[in-house]
Amino acid sequence: MPDSIQLLDADVLSKLQSQVHVISIASAINEVIQNSIDAKATNISVLLDLDTLSFQVEDDGTGIAPADMNLICKQHYTSKIKLVKDLADVKTYGFQGMALHSINSISDMCIISKAKDYSGSRIKSNAYITKLYSEQNTVDDIIGLPIQPFDKKNSGTILIARNLMYNLPVRSNMAKAEPQYRVFNAIREYVLRLLIQVPAISISVSYVTLSKDLDNLLKYQGLNKCDNMSSFDKYVKVLRSVYGCVVPFNTLKGLSLKYKEYFIEGVISKSPVKVKHLQFININRRTYNNPALFKLINSMFKEYKFEPQENMVTYVGRPYKFYPIFFINIKGPKNINDLIQDPSKCVVEATLQHIIDPLIIRTFKSFLITQGYMTPNDNTDVVTSFEQTFSSYDSWTNKHNANILLDSNIRAGRYQQHEINGRGETFSLTKSTTLTKTTKIRKPSLKRLRSKHSKSSVLKKISNVVLEVPDDHSLTESYCSHSLYSNREFSITKDDLSKCCVINQVDTKFILMKVVTDLDNIKAELYILDQHACDERIKLEQFLSQLLADVLSDMLYVQPIASLKFEVSAVESNLFEHFDLELRRWGVHTRIERNFSNESSQELKHTVFVDSLSDELLNKCGRDPQFLKGVLLQHMDNLSTSKKLPILPLIDRPNQTQDTFDSENTQNWWKLYNYIPTFYLEIFNSKACRSAIMFGDELTKMECKLLVRNLSKCQQPFQCAHGRPSIVPVSEISDCMNHTDQL
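In this text, residue positions in the sequence shown follow the UniProt record's numbering: the first is 1, and each later residue adds one.
Laid out in structure tokens, this is it:
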């Protein structure tokens, strides 16, 4: 008999609900800081210890009255609202009565507080016992120092949470495994969003280092009432205080837009960066977290080539990504639905999204037009594109409201479409197509392949190339009188390449070859192979397989550098520290030095010194430290979002690596493709192109055969290093044309 339905135990229910409202130590700190702001605090100090998952927050707010101390931390108890109608104009961050209850249920928490109209401090521990707090019964903070009671003239609150998630071992282990830089970035984002709304408060965040010393994460001095600063200046000060000098001051531009009851203001960088975690939008003091909108904004900047105009280093195509830094603050009509659609109180899908999102897009359009990336004539196209794109995302956010543990935006490292393009190609040829230098063939479509090949194996999907040739097609005028083509598909595989018959070189540019398709009826197909693309592909795969062999065996040759350095922000410094060993494995040896800009300055300067580089990196960007900084930051950002995978775990598991790839089994190099940094892929793409056989180079028939044989051993034989197709069908040869090999 099945178990009967019953009410969950209160303790079980409390633990389950806690992971909805407190998903990480950073989110817990954010909730407590919001409570301090609601209590009208002007000074807030935070101290955290990631090793023990403990933190404390101290403020000088109004404090908690003794009667309320008995109710604090109880579920759904709050002083912020009383009735549903109060939600329509709630002016505080908190209103659910869940944050402190959730933190209390998964930690050893105590609260010390003193209200302004009362003479003594009171303390409440996890046991829900409230008592007077004095010097005779003090408790220690998270670093072991005794906490003194508040002075009679002062008020405020100190919250201490020790061993967060101690009763949830799986979540605790995951939280402790979270990289330090990621926790710091989350805290910075939370603090930035809060300071934009209340720039008058002062906030400092410190943390316990591995050596048990204290270090500052950020320190912001609040603005005085007499400070007559514009909104732009306030935003810039907050941004620089929280994130440091991520871009030069003169590259930040203020923006504003007003429409009816809506007012948009903020800052945006004229200088692009290679990471996109510095993009923020707030609506009525709440985080606006609409992934579809952010994706559209970045696509618009990419379309209009928002990237550095000058580089000492040249590269083919656009292998590196560039993003704008921006903070957009929106004020407009409030709606209850915007407050209750997510436990973290962020806005996932704005109620008036049909008004807000077009206003945001218009703001960015104006910026791109002002900076010369767009022209006013591009307006209509962008608006149309936005409307079409946005309509396709109407139901997206309804499926993605859940928070993930540790507030992570992880993408799985898997095969990407652009990485396997060329293993299967589809060409549509029409009557008007002529074989000229300007002929463009559309990008390959893998959807056609997926529908025509077995789905049981990834390799089967990508090993064949399919080439469509419709009726009545002629490549040149000499074929016009011949009906050589039927409405069929031309298909060629890697195995066909190894068995094909090479006829000869054509025009010192191409290799003409024959593939037998029907031995019984003696039918064959003719193909033209680009000799440059062929040799380029062969060399590229040789370079990449050798690189992986050197990296895995720790045999990558590096050269010392005398003077190569660049300044980074505090956020970027954390990345370089975390990924130091990973970068060293790829031939990048760095060290970080920190010092103040000058004796009177309180701003800490972070400088990265590059001590040695691999030969390839040194030759490519050894003369341009800013370019090197950019490509390294992009790789570290790719690692942090799992667009690229770290190589160190493979080295720590040598048996598993040997099964996949070793120096004697280099043919499986492609299985580690997602581990290779983008800058190495670009370097070897260019190197393969420069060293490959060129158009105009004469080849003997034997050399042509050798090229085709080597190409058949490649993993991606049907595209060049830059993704362009390398083979085109010419015709089908029937038995009446194929009695001999006299072609």
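Note that beta-carbon positions come from the ideal geometry of N, C-alpha and C, so glycine has one too.
All figures in this text were calculated on a predicted structure; none of them were measured in a lab.
Requested in this report: Tell me where the beta strand (DSSP E) around A292 begins and ends.
Outcome: First-last for A292: P291 to E303, but that is the alpha helix (DSSP H), not the beta strand (DSSP E).
Query raised in the report: Alpha carbon to alpha carbon, what distance is there between E572 and Y207?
Result: 17 Å
Query raised in the report: Taking just the CA atoms, how far does D338 sit from I25?
Result: 25 Å
**Report entry** Bridge-paired residues (DSSP) for D108
**Finding:** R162
**Report entry** Cα-Cα separation between Y673 and E541, rounded to whole angstroms
**Finding:** 11 Å
Query raised in the report: Taking the alpha helix (DSSP H) that I325 falls in, what are its first and last residues?
Result: Segment: none, I325 is in no alpha helix (DSSP H) and carries neither H nor E.
Report task. Alpha carbon to alpha carbon, how far is V506 from Q719? Give it in angstroms, no decimals. Result -> 19 Å
**Report entry** Per-residue burial, L48 [other beta carbons within 10 Å of its own, 16 or more giving buried]
**Finding:** buried
Query raised in the report: What's the gap between the Cα of L497 and the Cα of V515?
Result: 8 Å
**Report entry** Residue-chain proximity (S726, chain C), Cβ-Cβ < 8 Å
**Finding:** Of the chains in the structure shown, none is chain C; there is only one protein chain.
Query raised in the report: Hey, would you say Q279 sits closer than 8 Å to I158, going by beta carbons?
Result: no
Query raised in the report: Does DSSP classify I23 as helix, strand or coil?
Result: coil
Query - First through last residue of the alpha helix (DSSP H) which encompasses P66 - result: P66 to M69
Requested in this report: Would you grab the beta carbon distance between V267 and Y235 for me? Rounded to a whole angstrom, and I think it's under 8 Å.
Outcome: 5 Å
Report task. Tell me whether K212 counts as near the ligand COA, meaning its Cβ is closer than 7 Å to at least one heavy atom of that ligand. Result -> Here there are no bound small molecules, and the ligand COA is not part of this structure.
Query raised in the report: Cα-Cα, which of Q546, N595 and L548 is closest to V568?
Result: N595
Query - Span of the beta strand (DSSP E) around P729 - result: I727 to I733
Query raised in the report: In the structure shown, what three-state DSSP assignment does V458 receive?
Result: For V458, the predicted structure reports a pLDDT of 33, less than 50, and the residue's modelled location is therefore unreliable. A value from the coordinates is still provided. Three-state DSSP puts V458 in a helix.
Query raised in the report: To the nearest whole angstrom, what separates the beta carbons of M109 and A161, a pair I think is in contact under 8 Å?
Result: 5 Å
Query raised in the report: Are the beta-carbon atoms belonging to T202 and K152 less than 8 Å from one another?
Result: Looking at the sequence provided, one finds Ser at residue 202 rather than Thr. Their beta carbons are not under 8 Å apart, which means S202 does not touch K152 by this criterion.
Query raised in the report: Are the beta-carbon atoms belonging to A692 and D535 less than 8 Å from one another?
Result: yes
Report task. Can you say whether H354 is buried or exposed, counting buried as having 16 or more other CB atoms within 10 angstroms of its CB? Result -> exposed
Report task. Taking all protein chains shown into account, decide if Q715 is buried (16 or more other Cβ within 10 angstroms of its Cβ) or exposed. Result -> buried
Report task. Answer yes if the stretch 297-310 comes into contact with the stretch 243-251, meaning at least three C-beta pairs across the two stretches below 8 Å, and no otherwise. Result -> no
Query raised in the report: Taking the beta strand (DSSP E) that I264 falls in, what are its first and last residues?
Result: Y262 to S269
**Report entry** Delimiting residues of the alpha helix (DSSP H) encompassing A177
**Finding:** P169 to A177
Report task. Quick one: which unbroken beta strand (DSSP E) runs of 3-plus residues sit fully inside the stretch 600-648? Chain order, please. Result -> 604-614
Query raised in the report: Going by alpha carbons, who is nearest to H277 out of V348, G222, L257 and N185?
Result: N185
Query raised in the report: Looking at the structure shown, is residue 751 part of a helix, part of a strand, or coil, going by DSSP?
Result: This structure cannot settle anything about residue 751, because the visible part of the chain is limited to 1 through 743.
Report task. Taking L218 and S241 to be in contact with their CB atoms under 8 Å, please state how far apart those CB atoms are, rounded to whole angstroms. Result -> 7 Å
Query raised in the report: According to DSSP, which residues form a beta bridge with L527?
Result: Looking at the sequence provided, one finds Tyr at residue 527 rather than Leu. Y527 pairs with M513 and P729.
Report task. From the DSSP output, in three-state form, read off Q148 for me. Result -> coil
Requested in this report: Provide the residue(s) that pair with V568 in DSSP beta bridges, ordered along the chain.
Outcome: H606
Query raised in the report: CB-CB under 6 Å to K701, same chain, minus the five flanking residues each way: which ones, in chain order?
Result: N504
Report task. Evaluate V246 with the Cβ neighbour count: other Cβ atoms within 10 Å of its Cβ, from every protein chain shown; 16 or more gives buried, anything less gives exposed. Result -> buried
Query - G63 beta carbon less than 8 Å from that of G156 - result: yes
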